[in-house]
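In what follows, a single structure is set out as structure tokens and then discussed.
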Amino acid sequence: MHGTRPSLSFMSESAIKLLLGPILIGVSVNTFLYGVCITQFIAYYMSKRRLEDSQATRYLVAWELLIDSFHSIASIYFIWLYMVDNFLNAAFLEAAPWPLTAVPLLTAMSACPIQLFLAHRVFSLTRSRYIYAMLIFLTVANAGLATTTSALAFGVAPFDDGSRLKPVTDSWLSVSVANDMAITVSLVVYLNRSRTGLSKTDTVIDRLIRSAIESAAVATLFAIMILITFTRLPFTGLHLMFSIPLGRIYTSTLLSTLNRREALEQDLAGTQELGELAFLQTTNNSRGSMGVVVFPIISIQFQYTATYSSPPPVAQEIIEDPFLPTFLIYRLFLVPLV
Numbered sequence: 001m002h003g004t005r006p007s008l009s010f011m012s013e014s015a016i017k018l019l020l021g022p023i024l025i026g027v028s029v030n031t032f033l034y035g036v037c038i039t040q041f042i043a044y045y046m047s048k049r050r051l052e053d054s055q056a057t058r059y060l061v062a063w064e065l066l067i068d069s070f071h072s073i074a075s076i077y078f079i080w081l082y083m084v085d086n087f088l089n090a091a092f093l094e095a096a097p098w099p100l101t102a103v104p105l106l107t108a109m110s111a112c113p114i115q116l117f118l119a120h121r122v123f124s125l126t127r128s129r130y131i132y133a134m135l136i137f138l139t140v141a142n143a144g145l146a147t148t149t150s151a152l153a154f155g156v157a158p159f160d161d162g163s164r165l166k167p168v169t170d171s172w173l174s175v176s177v178a179n180d181m182a183i184t185v186s187l188v189v190y191l192n193r194s195r196t197g198l199s200k201t202d203t204v205i206d207r208l209i210r211s212a213i214e215s216a217a218v219a220t221l222f223a224i225m226i227l228i229t230f231t232r233l234p235f236t237g238l239h240l241m242f243s244i245p246l247g248r249i250y251t252s253t254l255l256s257t258l259n260r261r262e263a264l265e266q267d268l269a270g271t272q273e274l275g276e277l278a279f280l281q282t283t284n285n286s287r288g289s290m291g292v293v294v295f296p297i298i299s300i301q302f303q304y305t306a307t308y309s310s311p312p313p314v315a316q317e318i319i320e321d322p323f324l325p326t327f328l329i330y331r332l333f334l335v336p337l338v
């Protein structure tokens with residue numbers, strides 16, 4: 001039982017701290033993560049690799065920069081309203097300023113485009129229209145529920161018993177967690193099915209599975225903590241410690257993926273082993289030689305044993321896909337050789 005929130009005039013000092021303290025912590029964490037993202041944005045725009053990106057990728061990065069900047073400015077204005085403009089004004093705690101009510105919407109505007117890109121990557125691997133449709137549905141539902149949460153939050157005291165917002169907010173957060181986990185599980189299952197029994201290959205697959213889980217863990221943990229704190233402690237602002245910076249976590253994941261491609265290309269460049277490549281088997285037939293080669297990120301076939309100063313053409317094509325390295329794209333390309 002949550003009980004009834006006490007009158008503002010009788011709220012203790014500790015209760016006020018539980019209302020405003022988490023806001024300050026959440027904005028501080030968000031500002032720190034925004035600084036990290038700005039560093040990643042600068043690295044991306046200074047990279048030559050950016051010039052080779054598709055228009056969709058460039059627009060996505062620009063969109064994330066716009067949303068992150070706006071949300072970070074709004075969050076600073078948020079604490080200004082509470083701690084400067086309305087200092088000692090207890091009645092303002094009954095208000096619902098727009099920087100607070102817009103948090104779910106702004107979070108979805110940052111996360112959902114990235115989730116759509118990941119859904120497309122999963123489809124390119126599994127070729128399963130059912131999984132693809134499920135991921136698209138979860139992303140659209142995530143966006144719709146987040147928008148509804150923000151719309152309903154206008155005019156509602158931010159620290160009431162949550163009876164009006166709890167159903168839609170819990171639904172939004174549950175769908176968000178389900179979406180992130182569905183993407184991760186789809187990739188992990190696909191990778192497990194790709195095991196060959198060869199130690200080299202299975203070691204690479206284990207590394208990719210580990211990376212898949214780690215990539216989704218932080219965002220999923222934050223969403224779960226928002227769900228728990230908002231549901232069980234609605235009279236506090238504890239959920240804002242996690243909800244305000246959530247969008248920056250998605251952005252940082254995207255940018256770290258894009259900025260890591262040049263390092264990946266250097267790993268793939270080299271001699272016969274192509275950095276971390278390892279020959280697993282060679283077969284001969286009337287059409288020529290076919291070597292099966294395993295990258296740390298992908299599996300690929302090309303002709304003959306040779307020395308390369310740069311990755312082979314198909315490998316180069318994979319490197320230029322910004323989403324393959326981070327989100328565990330492990331794919332076998334069967335290329336007939338003449």
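Going left to right, the sequence shown walks through residues 1 to 338 as UniProt numbering numbers them. By construction, the Cβ of each residue, glycine as well, lies at the ideal position given by its N, Cα and C atoms.
Using a Cβ distance threshold of 8 Å, determine whether the region 72-88 contacts the region 29-37, with at least three qualifying pairs required.
With a cut-off of 8 Å, the region 29-37 and the region 72-88 count as touching, because enough Cβ pairs lie within range.
Excluding the 5 residues flanking Tyr250 on each side, which residues of the same chain have their C-beta closer than 7 Å to its C-beta?
Excluding sequence positions up to five before and after Tyr250, its CB lies within less than 7 Å of the CB of Ser110, Ala111, Ile114 and Ala219, all in the same chain and listed in chain order.
Hey, does Leu93 have any beta-carbon neighbour from chain D nearer than 8 Å?
Note that chain D does not occur in the displayed structure, where there is just one protein chain.
Measuring CB atoms only, is the region 213-228 touching the region 189-199, in the sense that at least three cross pairs come out at less than 8 Å?
no
Can you tell me where the alpha helix (DSSP H) with Phe48 in it begins and where it stops?
Residue identity check: residue 48 is Lys in the sequence provided, not Phe. Run containing Lys48: none; DSSP gives neither H nor E here.
How do the region 94-103 and the region 51-63 stand: do at least 3 beta-carbon pairs fall below 8 Å, yes or no?
no
Since Leu240 and Gly35 should fall inside the 8 Å C-beta cutoff, what is the C-beta to C-beta distance between them, to a whole number of angstroms?
Not a contact, Cβ separation roughly 19 Å.
Of the choices Trp63, Ala96 and Leu18, whose alpha-carbon is the least far from that of Cys37?
Trp63
Where the alpha helix (DSSP H) through Pro113 begins and ends:
Following the DSSP letters along the chain, one finds Pro113 inside the alpha helix (DSSP H) bounded by residues Val103 to Thr126.
For the region 87-96 against the region 221-234, are there 3 or more C-beta pairs whose distance is under 8 Å?
The answer is no - the region 221-234 does not touch the region 87-96, with fewer than three Cβ pairs under 8 Å.
Spatial neighbours of Ala141 within its chain, please: C-beta separation below 7 Å, excluding the five flanking residues on both sides.
Val175
Should residue 340 be labelled buried (16 or more other beta-carbon atoms within 10 Å of its own) or exposed?
Residue 340 lies beyond the residue range present for the chain, which begins at 1 and ends at 338; the question has no answer from this structure.
Just how far apart, CA to CA, sit Leu24 and Phe123?
Distance from the CA atom of Leu24 to the CA atom of Phe123, rounded to whole angstroms, is 40 Å.
Examine the ligand GTP and report whether any of its heavy atoms sits within less than 7 Å of the Cβ of Met225.
This structure lacks the ligand GTP; in fact it carries no ligand of any kind.
Between Pro245 and the rest of its own chain, which residues show a CB-CB distance below 7 Å, the 5 nearest in sequence each way excluded?
Gly26, Val29, Asn30 and Leu33
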